[in-house]
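In this note's numbering, the protein residues as written are 878 to 1192. By construction, the Cβ of each residue, glycine as well, lies at the ideal position given by its N, Cα and C atoms.
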């Protein structure tokens, strides 16, 4: 297999030359632990890098064959690397791949390349992915006034009353007719959750704080539902809250779970980036699929419940 050795050396030299200024570790050969057989398996080339806080292990397997590599070799490599810690698998052939091999590789998001086609731009693209961030709305409330204009139950009570900060968490509100007891913090959280459209063009996306003075929150105009505020022996119907607050987006880095690139039989190259996003009682995964030629991106979100993950662990 002298030819494979020579071509492999040329490929390693190209990778090292391309990534000389990058913080990566390149090994050839390398030995990765097989989690099923409990032994080390030889891999032609590994590139260990990081995208943000996420470690990425790229494994490259090379094959010298006088004819196009068929589906058998792809199946062998797929079975092998399913048991290793490979984040991204690249299969390199000296003679190309059969259509069936390309179809199977595309289905499993494995990149297939002919060694003579690999260039510096190809090497850089192997982990060409951007960090993703989720945004969580955060706030600090400084002042709250309660407006009861036209809805006064007690005529001796002021039409506008400032709610003391120590009462923000006090259950001094009740809803009619169901009698649900709540505090201002609960009402404010509900407003933030349901009023996202209101904030879209008012809060900087970079995490900077936006100041709101006299932010008006209208209560339901439904005659059958009322929000009642009780202070001592005073009770009144709330028409609206007037709030002074700072609101901003907390940017939470979303770890990259996997990067996959693959070639289709027509030569089109696609890339899929899989992100893990923490969810209550489960996990959601965001998949970004990018056509490397047109630049078009499509998105898919997959939700998994906690019990589904437990069942998978038991398999």
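May I ask you to report which of helix, strand or coil DSSP gives residue i?
| i | result |
| --- | --- |
| residue 1045 | coil |
| residue 983 | helix |
| residue 1053 | strand |
| residue 1071 | helix |
| residue 1064 | helix |
| residue 818 | Not covered by the structure: residue 818. The range shown for the chain is 878 to 1192. |
| residue 900 | coil |
| residue 925 | strand |
| residue 1128 | strand |
| residue 949 | helix |
| residue 888 | helix |
| residue 963 | coil |
| residue 1096 | coil |
| residue 944 | coil |
| residue 1111 | strand |
Return the chain-ordered list of same chain residues with a C-beta closer than 6 Å to the C-beta of residue i, the five sequence neighbours on each side being excluded.
| i | result |
| --- | --- |
| residue 1193 | Limits of the chain in this structure are 878 at one end and 1192 at the other, which puts residue 1193 out of reach. |
| residue 1047 | 1060 |
| residue 918 | 909 and 911 |
| residue 948 | 977, 978 and 981 |
| residue 955 | 985 |
| residue 1045 | 1061 and 1062 |
| residue 1156 | Because residue 1156 sits at a pLDDT of 44, beneath the cut-off of 50, its placement in the model cannot be relied upon, and the point is left open. |
| residue 959 | none |
| residue 1078 | none |
| residue 990 | 969 |
| residue 904 | 923 |
Per DSSP, which residues does residue i bridge with? Please list them.
| i | result |
| --- | --- |
| residue 1081 | DSSP, once it has assigned bridges, lists no residue as partnering residue 1081. |
| residue 918 | 909 |
| residue 1018 | 1122 |
| residue 1024 | 1037 and 1117 |
| residue 1104 | 1052 |
| residue 968 | 938 and 989 |
| residue 977 | DSSP output for residue 977 lists no bridge partner at all. |
| residue 1013 | 1127 |
Just checking my contact of residue i with residue j at CB under 8 Å: how many whole Å lie between their CB atoms?
| i | j | result |
| --- | --- | --- |
| residue 936 | residue 961 | 7 Å |
| residue 1104 | residue 1061 | Their Cβ separation, rounded to whole angstroms, is 11 Å, which puts residue 1104 and residue 1061 out of contact at 8 Å. |
| residue 1125 | residue 1015 | 6 Å |
| residue 1052 | residue 1102 | 7 Å |
Count the other CB atoms, across all protein chains shown, that sit within 10 Å of the CB of residue i; report buried if there are 16 or more and exposed otherwise.
| i | result |
| --- | --- |
| residue 957 | buried |
| residue 940 | buried |
| residue 974 | buried |
| residue 1128 | exposed |
| residue 1095 | exposed |
| residue 970 | buried |
| residue 1118 | buried |
| residue 938 | buried |
| residue 913 | exposed |
| residue 1080 | buried |
| residue 1025 | buried |
| residue 1055 | exposed |
| residue 1071 | exposed |
| residue 1057 | exposed |
| residue 1091 | exposed |
| residue 892 | buried |
| residue 1019 | exposed |
| residue 916 | exposed |
| residue 924 | buried |
Can you find the residues in the same chain that come closer than 8 Å, C-beta to C-beta, to residue i, ignoring five residues on each side of it along the sequence?
| i | result |
| --- | --- |
| residue 1067 | none |
| residue 945 | 970, 972, 973, 974, 975 and 978 |
| residue 906 | 919, 920, 921 and 922 |
| residue 1082 | 1012 and 1126 |
| residue 1084 | 1125, 1126, 1127 and 1128 |
With a threshold of 7 Å on Cβ separation, who are the neighbours of residue i within its own chain once the five nearest residues in sequence on each side are excluded?
| i | result |
| --- | --- |
| residue 1093 | 1117 and 1119 |
| residue 901 | 924, 925 and 926 |
| residue 1088 | 1123 |
| residue 943 | 972 |
Can you check whether the C-beta of residue i is within less than 9 Å of a C-beta belonging to chain B?
| i | result |
| --- | --- |
| residue 1056 | Protein chains in the displayed structure number just one, and chain B is not present. |
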